[in-house]
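Just so we're aligned, residue 13 is where the sequence shown starts under the working numbering, counting upward by one.
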Amino acid sequence: MFRQKYILIFAAVALAYSSCFAWKKEAHFISLPLIEGCGIYSSIRLLQDSQSSGTKASAIASLGLLGTTAAIGCLAVFGPKTNYPTLRIVHRYAGFLLTAAALWMRVSEGNATHVQ
Numbered sequence: 013m014f015r016q017k018y019i020l021i022f023a024a025v026a027l028a029y030s031s032c033f034a035w036k037k038e039a040h041f042i043s044l045p046l047i048e049g050c051g052i053y054s055s056i057r058l059l060q061d062s063q064s065s066g067t068k069a070s071a072i073a074s075l076g077l078l079g080t081t082a083a084i085g086c087l088a089v090f091g092p093k094t095n096y097p098t099l100r101i102v103h104r105y106a107g108f109l110l111t112a113a114a115l116w117m118r119v120s121e122g123n124a125t126h127v128q
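(1) With a Cβ-Cβ cutoff of 9 Å, do Lys68 and Leu78 count as a contact?
(2) Have a look at Leu110 and Leu20 and give me their C-alpha separation to the nearest angstrom.
(3) Which two residues bound the contiguous alpha helix (DSSP H) that contains Gly120?
(4) Give me the Cα-Cα distance between Ala71 and Arg118, rounded to the nearest whole angstrom.
(5) Please state if the CB of Ala83 and the CB of Ala113 are separated by a distance shorter than 9 Å.
(6) Along the alpha helix (DSSP H) that carries Lys68, what are the first and last residues, could you check?
(7) Given Ala106, which residues of its chain have a CB within under 7 Å of its CB, disregarding the five upstream and five downstream residues?
(8) Let me know if Gly51 comes out buried or exposed under the rule of 16 or more other beta-carbons within 10 Å of its beta-carbon.
(9) I believe Ser120 touches Gly66 by the beta-carbon criterion, under 8 Å. Please report the beta-carbon distance rounded to the nearest angstrom.
In structure tokens, the structure reads:
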């Protein structure tokens with residue numbers, strides 16, 4: 013039951029992104045706490061439980077990129093409008109790097125036998 017609830021939330025967010033591009037920015041703000049919360053929780057949890065330096069490095073990279081991506085996104089939206097096009101591109105690339113760091117974290121966690 014617990015997993016089904018989160019699957020439904022994920023499906024609703026994915027549907028909002030794919031079908032309503034007119035309010036994509038608002039959908040991004042709605043999904044932001046879910047993305048940031050899950051990323052921060054899993055990174056900190058992995059830092060506490062892991063004994064491998066590679067696994068800890070992936071969690072630290074993920075945390076650093078989460079903060080960087082959030083800061084660039086806030087600066088792009090709430091900062092001067094003249095910087096928006098450039099910051100949007102930088103925010104997009106930082107998001108791709110964050111996704112790669114999250115995948116690295118998941119793979120390293122899966123290979124670590126001591127992490128629950």
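Glycine included, each C-beta is placed from N, C-alpha and C at the ideal position. Here the structure is a predicted model, which means the values were calculated and not measured.
Based on what the coordinates show:
(1) no
(2) 24 Å
(3) Going by the sequence as given, residue 120 is Ser instead of Gly. Bounds of the alpha helix (DSSP H) holding Ser120 are Tyr96 to Asn123.
(4) 9 Å
(5) no
(6) Ser65 to Phe90
(7) Leu77, Thr80, Thr81 and Ile84
(8) buried
(9) 6 Å
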